[in-house]
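What follows is a single structure, written as structure tokens, with notes after it.
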């Protein structure tokens with residue numbers, strides 16, 4: 507089985523409501539959807555959702571990297587040698603993890619479809635029965651965030667994640683109001699998206715101690731891993747690293763510096779599943795549990811993350827909520843929005859709607 511054709515669609519995914527975090531605000535998500543067709547007729551699907559604040563990539567730049575640099579490396583090559591692709595891709599162009607992730611995910615989906623097995627069976631087998639999803643609440647007024655938290659409880663969510671990071675005093679108020687809206691056993695998690703200094707983070711954590719925050723995600727700037735380490739070592743609160751962690755070298759730095767208690771793995775930062783699984787293994791060896799996160803992706807990349815999460819014992823949480831935030835997706839996402847069930851269907855386990863992909867497309871390119 508060799509690769510004969512790769513097709514790239516640049517699509518815009520409309521959001522149900524604007525999504526505001528510490529460093530930006532979004533009304534739609536720009537995505538690159540990739541299909542890889544083999545000589546056997548099987549097709550694998552992948553996706554890249556870039557975040558220029560995190561990986562330095564833009565939508566059009568990732569488009570060019572995929573079509574001009576990476577996709578040509580695959581034409582005529584065996585579809586099952588994913589390691590060879592990554593070695594060739596790294597030799598061809600450094601970094602650009604989201605562009606590489608799109609092809610990595612498509613290769614994994616293609617291989618699993620060819621084997622007629624669900625993707626998680628190629629990633630170690632099922633470890634968790636199903637994946638519980640958090641409700642992620644955008645950074646809004648304390649009152650509105652509390653209202654949305656109460657609504658999420660009524661919908662059946664078991665955990666709430668709130669976006670903070672624009673003003674420490676307002677953030678403490680948001681934490682307090684949301685906690686007041688939740689029943690006692692409900693998990694509350696905080697993501698500051700780099701919005702605080704180390705001192706501000708410690709002050710917020712101190713003032714918010716009565717409100718039982720399960721963990722604080724990326725409180726400080728992406729480039730300052732030493733500041734993250736200072737926060738982690740100065741508090742009993744659980745601190746999760748996100749934006750600075752792109753691969754195995756970054757995982758090693760976290761371990762050496764004792765910079766975080768947890769790590770958020772995102773396929774768009776790790777160049778796909780190939781390295782992400784190794785990161786989870788390394789975290790397990792260092793007693794650092796992991797979460798699989800999201801760049802607000804469609805069902806394609808979301809399910810790739812879900813297959814990894816359900817297959818690995820060191821992945822104890824996920825943030826795979828993109829399809830619930832998108833008003834028009836490219837496939838039907840399994841589950842009811844509060845969890846992701848994965849069955850025995852081959853590959854990612856979904857049927858991508860080609861007509862919907864074309865409807866949402868701004869451009870299309872073919873490499874063969």
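In this note's numbering, the protein residues as written are 507 to 874. We put the CB at the ideal spot given by N, CA and C, even for glycine. Please read these numbers as outputs of a predicted model, since none were measured by experiment.
Measuring alpha carbon to alpha carbon, tell me which of 520, 510, 512 ends up nearest residue 833.
-> 520
Under 6 Å Cβ to Cβ from residue 772, same chain only, skipping five residues before and after it: list those, please.
-> 799
Is residue 697 closer than 8 Å to residue 619 when the C-beta atoms are compared?
-> no
Of the residues 563, 580, 848, 812, the one placed nearest residue 507, counting alpha carbons only | 580
Reference residue 830; option with closest CA among 658, 622, 602, 556 | 658
Is residue 525 helix, strand or coil by DSSP?
-> strand
Selected residue, minimal CA-CA separation from residue 551, among 867, 853, 869 | 853
Residue 574, DSSP secondary structure in three states = helix
Proximity winner among 790, 660, 835, relative to residue 468 (alpha-carbon distances) | Lying outside 507 to 874, the shown extent of the chain, residue 468 is not represented and no answer is given.
Is the CB-CB distance between residue 555 and residue 537 below 8 Å?
-> yes
Bounding residues of the beta strand (DSSP E) (the contiguous stretch that carries residue 560) | Segment: none, residue 560 is in no beta strand (DSSP E) and carries neither H nor E.
For residue 846 versus residue 637, is the C-beta distance shorter than 8 Å?
-> yes
Taking the Cβ atom as the reference point for each residue, do residue 812 and residue 796 lie within a distance shorter than 8 Å?
-> no
Through-space distance from residue 529 to residue 646, alpha-carbon basis | 14 Å
Tell me whether residue 550 sits in a helix, a strand or coil according to DSSP, three-state version.
-> strand
Cβ shell of residue 749 (< 7 Å), same chain only, five flanking positions each side left out = 560, 700, 724, 728
With which residues is residue 613 paired in a DSSP beta bridge?
-> BP columns for residue 613 are empty, so no partner.
What's the C-alpha gap between residue 793 and residue 820?
-> 9 Å
Could I get the ranges of all uninterrupted beta strand (DSSP E) runs contained in the stretch 671-743, with 3 residues as the minimum, in chain order?
-> 693-697, 719-723
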